[in-house]
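Protein chains in written order, with UniProt numbering: chain Z, 1 to 272; chain X, 1 to 309.
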Amino acid sequence: MTGGTGPALQAGRAVRAEWTKLRTLPSTAWLLLALAAVTVAVGAAVTGAVDTSHCVTPAGCREDTPKLALSGVRLGQVAAVVLGVVAVGGEYATGTISVTLAAVPRRWAVLAAKAAVVAGAVAVAGTAGVLGSLAAGRGILSGNGFTAANGYPPLSPLDGPTARAAAGTVLYLVLVALLALGAGTALRDQAGAVTAVLGALWLVPLVAGMVGDDAWRDRLDKYAPMSAGLAVQATRELDRLPIGPWAGLGVLAAYAAAALLAGAAVLAARDA
Amino acid sequence: MEATIEVRGLRKRFGSTVAVDDLSFTVGPGRVTGFVGPNGAGKSTTMRMIMGLDRPDAGAALVGGRPYRSLRTPLCRLGAMLDASAVHPARRARDHLRWLAHANGLPARRVDEVIEQAGLGSAARRRAGGFSLGMRQRLGIAAALLGDPPVLMFDEPVNGLDPEGIAWIRGLLRSLAAEGRAVLVSSHLMSELEGGADHLLVIGRGRLIADTRVEDLLAAASDGRVELRTERRREAMTVLARAGATVTTSGSDALIVTGPTAERVIELLTGEGVAFSGISAHRASLEEAYMELTKDALEFQAVAGGEAR
Ligand SMILES: Nc1ncnc2c1ncn2[C@@H]1O[C@H](COP(=O)(O)OP(=O)(O)OP(=O)(O)O)[C@@H](O)[C@H]1O
Ligand SMILES: [Mg+2]
Numbered sequence: 001m002t003g004g005t006g007p008a009l010q011a012g013r014a015v016r017a018e019w020t021k022l023r024t025l026p027s028t029a030w031l032l033l034a035l036a037a038v039t040v041a042v043g044a045a046v047t048g049a050v051d052t053s054h055c056v057t058p059a060g061c062r063e064d065t066p067k068l069a070l071s072g073v074r075l076g077q078v079a080a081v082v083l084g085v086v087a088v089g090g091e092y093a094t095g096t097i098s099v100t101l102a103a104v105p106r107r108w109a110v111l112a113a114k115a116a117v118v119a120g121a122v123a124v125a126g127t128a129g130v131l132g133s134l135a136a137g138r139g140i141l142s143g144n145g146f147t148a149a150n151g152y153p154p155l156s157p158l159d160g161p162t163a164r165a166a167a168g169t170v171l172y173l174v175l176v177a178l179l180a181l182g183a184g185t186a187l188r189d190q191a192g193a194v195t196a197v198l199g200a201l202w203l204v205p206l207v208a209g210m211v212g213d214d215a216w217r218d219r220l221d222k223y224a225p226m227s228a229g230l231a232v233q234a235t236r237e238l239d240r241l242p243i244g245p246w247a248g249l250g251v252l253a254a255y256a257a258a259a260l261l262a263g264a265a266v267l268a269a270r271d272a
Numbered sequence: 001m002e003a004t005i006e007v008r009g010l011r012k013r014f015g016s017t018v019a020v021d022d023l024s025f026t027v028g029p030g031r032v033t034g035f036v037g038p039n040g041a042g043k044s045t046t047m048r049m050i051m052g053l054d055r056p057d058a059g060a061a062l063v064g065g066r067p068y069r070s071l072r073t074p075l076c077r078l079g080a081m082l083d084a085s086a087v088h089p090a091r092r093a094r095d096h097l098r099w100l101a102h103a104n105g106l107p108a109r110r111v112d113e114v115i116e117q118a119g120l121g122s123a124a125r126r127r128a129g130g131f132s133l134g135m136r137q138r139l140g141i142a143a144a145l146l147g148d149p150p151v152l153m154f155d156e157p158v159n160g161l162d163p164e165g166i167a168w169i170r171g172l173l174r175s176l177a178a179e180g181r182a183v184l185v186s187s188h189l190m191s192e193l194e195g196g197a198d199h200l201l202v203i204g205r206g207r208l209i210a211d212t213r214v215e216d217l218l219a220a221a222s223d224g225r226v227e228l229r230t231e232r233r234r235e236a237m238t239v240l241a242r243a244g245a246t247v248t249t250s251g252s253d254a255l256i257v258t259g260p261t262a263e264r265v266i267e268l269l270t271g272e273g274v275a276f277s278g279i280s281a282h283r284a285s286l287e288e289a290y291m292e293l294t295k296d297a298l299e300f301q302a303v304a305g306g307e308a309r
């Protein structure tokens, strides 16, 4: 046979099919909109609730303003989790997984294609949410006393540490969605997978907050997916973080990779 | 590429249930092969294994000489409808076909062609969740035809359809076979395949009971029987029974006579002055032939079941 059947072409077709699948479900657009909107709205609300009045001097607040403005992802990520789970769980719920695997019998190729399109869609919506959050934060912060004169330069996505926090936050959302995709593939049940992922993200910080022992709290902050991953948002006093910004994101990436591998193993081993 | 499905020693167990037990058969081109067996006989499981969806415990299935999972553009080799409800209810029918086309690099033109061929028409722009069973069935068939494959496989395609829908599917299967394609179609009711299949694979409890041409099966089951109509049924029965024939009633005014030839039956009845009409060699229905065929298998099962208890 001539040319047309190379692995790259195959992979490209699988990605194209998954992309068509993703964008032809109305829920996708709503989830991506929710991802961006919730991130911006919650970020603005949290930022608006903080001002310099409670500090001795405004500079003494030592507020990490980019991190504050980006805090909406803690809630916005729920949409990324749901999108990741639904991308595969919806196929098991409706029985289309058999049709998918009939069209693309190499199962890892199906999962890889789903990962690519979910990552792409979340990256776009996440970028919108992050830039929107920074823009909203910029306006709100200066009104609350966080001015350049007080040592808080206006938020800008072009400023080094802020740029890293912003890009890192987008990557954080992408990794959370991939974690959810892996969990959905391994568990095959949408409600179960959403619960498991949100539990892993939110329960550990909750437990950490209740743990009295400092060493243990440190360990939990270092190795729990959400607290480690969100270390990438910090722009001040990095030496006092339990884990470095990129190392923290690396921890989350390891969880996402493990979930995808588990999903791939289940997909390959079990009957469709 | 050959238009065949070859199944060799296929076996599948779910827990303690043996769903498919050492099954071997070949589905050939240019004919409709019926795949018949009662509920739970293993038809769907066999089809899923042919498509690489379920992994066999033993044996192998080849589509056009190759394992399904090694195919690069499987939709162009085998088109299948296993479950008509397997569409996302929130997706438009046309989009369902579009992603399938993209998966195998098929041109958009094919999507429009199969929408036309399956008679989906303007419904193709609607979301599949609002479809009737008949429309879902048509969408599933459109998906199977998308890659213009030489081999087609349908699992209970007429299940739950109205007579019009059944006639449409039957005609479609016939025309696909006439184009030289191999068509495998399952049913748990032999009557659904009457007039629709050329060849039959009969399975029970995962095992092959028969692999036969429909014609041969009917000829064997019809052997030497004579059918006639008469308004004086009781008298006719007495006369024929006296001559040593076995007589059974059929319908309101028909008799089926086993033993004497048609000539001898005419002779006997005219001799006694019993009026009759429409005498003919009896042609067994597929259902009757099926009952005959599976009688032994079912008896065996009843005995085996009794012993197990
Ligand atoms: N995923 C599964 N898990 C457990 N048992 C299964 C599974 N799939 C099929 N079975 C069992 O295997 C046997 C064969 O089932 P299968 O669906 O292949 O039969 P069938 O001939 O298609 O029946 P029907 O006419 O009802 O569609 C049945 O006893 C069924 O209960
Ligand atoms: Mg079945």
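Ideal Cβ placement from N, Cα and C applies to all residues, glycine included.
Could you tell me which of Arg270/Z, Ala200/Z, Thr65/Z, Val99/Z sits nearest to alanine 136/Z, measuring between CA atoms?
In the first sequence, the residue the question calls residue 136/Z occupies position 136. Comparing Cα positions, the closest option is Thr65/Z.
From Leu10/X, Arg8/X, Thr33/X, residue whose alpha carbon lies closest to that of glutamate 156/X:
As a first step, residue 156/X must be located in the second sequence, where it is residue number 156. With distances taken between Cα atoms, glutamate 156/X lies closest to Thr33/X.
For aspartate 271/Z and chain X, any beta-carbon pair shorter than 9 Å?
Numbered from 1 along the first sequence, position 271 holds the residue referred to as residue 271/Z. Closer than 9 Å to some Cβ of chain X, the Cβ of aspartate 271/Z qualifies, so yes.
At the level of alpha carbons, what is the spacing between arginine 11/X and proline 67/X?
Here residue 11/X refers to the residue found at position 11 of the second sequence. Here residue 67/X refers to the residue found at position 67 of the second sequence. Whole-angstrom Cα-Cα distance: 16 Å.
Going by the beta-carbon positions, is the gap between isoleucine 50/X and alanine 182/X smaller than 9 Å?
Indexing the second sequence from 1 puts residue 50/X at position 50. Indexing the second sequence from 1 puts residue 182/X at position 182. In this structure, alanine 182/X does not lie closer than 9 Å to isoleucine 50/X by Cβ.
Tell me, to the nearest whole angstrom, how far the beta carbon of aspartate 51/Z is from that of glycine 145/Z; I am working on the premise that it is less than 8 Å.
Working through the first sequence from its first residue, we reach residue 51/Z at position 51. Working through the first sequence from its first residue, we reach residue 145/Z at position 145. Indeed they touch by this definition, with Cβ atoms about 5 Å apart.
How would you label glutamate 91/Z, buried or exposed, when you count the other beta carbons within 10 angstroms and need 16 or more for buried?
Working through the first sequence from its first residue, we reach residue 91/Z at position 91. Glutamate 91/Z is buried by the Cβ-count criterion.
Exposure of tryptophan 99/X, with buried meaning 16 or more beta-carbon neighbours within 10 Å:
Locating residue 99/X in the second sequence gives position 99, where the first residue counts as 1. With 16 or more Cβ atoms within 10 Å of its Cβ, tryptophan 99/X is classed as buried.
Throw me the rounded Cβ distance for the glycine 206/X and aspartate 21/X pair, which I believe falls under 8 Å.
Locating residue 206/X in the second sequence gives position 206, where the first residue counts as 1. Locating residue 21/X in the second sequence gives position 21, where the first residue counts as 1. Indeed they touch by this definition, with Cβ atoms about 4 Å apart.
Mind checking serine 186/X: buried by the 16 CB within 10 Å criterion, or exposed?
What you label residue 186/X is simply residue 186 of the second sequence in a count that begins at 1. Counting Cβ neighbours within 10 Å, serine 186/X comes out buried, since at least 16 surround it.
For a test of your reading of the model: does the CB of asparagine 39/X fall under 8 Å from any non-hydrogen atom of ligand 1? Yes or no.
Translated into the one-based positions of the second sequence, residue 39/X becomes position 39. Checking the Cβ of asparagine 39/X against ligand 1 gives yes.
Within 10 angstroms of the Cβ of threonine 46/X, are there 16 or more other Cβ atoms? Answer buried if so, exposed if not.
Walking along the second sequence from the start, residue 46/X turns up at place 46. By the neighbour-count rule (16 or more Cβ atoms within 10 Å), threonine 46/X is buried.
Give the DSSP-derived three-state secondary structure of methionine 210/Z in the structure shown.
For this step, residue 210/Z is matched to residue 210 along the first sequence. The three-state reading of DSSP puts methionine 210/Z in helix, counting H, G and I together.
Of all the options Thr185/Z, Ala128/Z, Leu238/Z, Leu68/Z, which has the alpha carbon lying nearest to the alpha carbon of valine 46/Z?
Within the first sequence, the letter at position 46 stands for residue 46/Z. Its Cα nearest to that of valine 46/Z, the residue Leu68/Z stands out among Thr185/Z, Ala128/Z, Leu238/Z, Leu68/Z.
Of the choices Gly134/X, Phe35/X, Asp112/X, Val214/X, whose alpha-carbon is the least far from that of arginine 125/X?
Position 125 of the second sequence, counted from the start, is the residue given in the question as residue 125/X. Ranking Gly134/X, Phe35/X, Asp112/X, Val214/X by Cα distance to arginine 125/X puts Asp112/X first.
DSSP state of alanine 14/Z mapped onto helix, strand, coil
Position 14 of the first sequence, counting from 1, holds the residue named residue 14/Z. Looking at alanine 14/Z - three-state DSSP - the assignment turns out to be helix.
With a CB to CB cut of under 8 Å and the five nearest residues on each side skipped, what residues in its chain are close to glutamate 92/X?
Here residue 92/X corresponds to residue number 92 of the second sequence, with the count starting at 1. The sequence given here has arginine at residue 92/X, not glutamate. Excluding sequence neighbours, arginine 92/X sits near Ala124, Arg125, Arg126, Arg127, Ala128.
If we define contact as Cβ-Cβ less than 9 Å, is alanine 123/X a contact residue for chain Z?
To locate residue 123/X, count along the second sequence from 1; it is residue 123. Chain Z contact via Cβ: absent.
So valine 15/Z and alanine 113/Z are supposed to be a Cβ contact under 8 Å. How far apart are they, rounded?
Residue mapping note: residue 15/Z aligns to position 15 of the first sequence, counting from 1. Residue mapping note: residue 113/Z aligns to position 113 of the first sequence, counting from 1. Contact holds; Cβ gap of about 5 Å.
Mind checking whether alanine 177/Z and glycine 84/Z have CB atoms under 9 Å apart?
Residue mapping note: residue 177/Z aligns to position 177 of the first sequence, counting from 1. Residue mapping note: residue 84/Z aligns to position 84 of the first sequence, counting from 1. Contact: yes.
Lysine 12/X Cβ short of 8 Å to ligand 2 heavy atom set:
Within the second sequence, numbered from 1, the residue matching residue 12/X stands at position 12. Taking non-hydrogen atoms of ligand 2 into account, the C-beta of lysine 12/X is found less than 8 Å away from none of them.
Could you tell me the distance, in whole angstroms, from the CA atom of glycine 147/X to the CA atom of glutamine 10/Z?
On the second sequence, residue 147/X is found 147 positions in, with the first residue counted as 1. On the first sequence, residue 10/Z is found 10 positions in, with the first residue counted as 1. Separation of glycine 147/X and glutamine 10/Z (C-alpha to C-alpha, rounded to the nearest whole angstrom) is 16 Å.
Hey, is serine 285/X close to ligand 2, as in C-beta under 8 Å from one of its heavy atoms?
Position 285 of the second sequence, counted from the first residue, corresponds to residue 285/X. The beta carbon of serine 285/X sits no closer than 8 Å to any heavy atom of ligand 2.
Glycine 119/X and arginine 138/X - do their beta-carbons sit closer together than 9 Å?
Numbered from its first residue, the second sequence carries residue 138/X at position 138. Numbered from its first residue, the second sequence carries residue 119/X at position 119. Their beta carbons are under 9 Å apart, which means arginine 138/X touches glycine 119/X by this criterion.
Under 8 Å by Cβ, that's how I've got arginine 138/Z and leucine 155/Z pegged, so tell me the actual separation to the nearest angstrom.
For the purposes of this step, residue 138/Z is taken as residue 138 along the first sequence, with counting starting at 1. For the purposes of this step, residue 155/Z is taken as residue 155 along the first sequence, with counting starting at 1. With a contact defined as Cβ atoms closer than 8 Å, arginine 138/Z and leucine 155/Z qualify at about 4 Å.
Interface flag, proline 260/X vs chain Z, CB-CB below 9 Å
Here the question's residue 260/X lines up with position 260 in the second sequence. With a threshold of 9 Å between beta carbons, proline 260/X makes no contact with chain Z.
For glutamate 194/X, which residues of its own chain have a beta-carbon under 6 Å away from its beta-carbon, when the five flanking residues on both sides are left out?
Against the second sequence, residue 194/X aligns to sequence position 194. Closer than 6 Å at Cβ, skipping near neighbours: Leu286.
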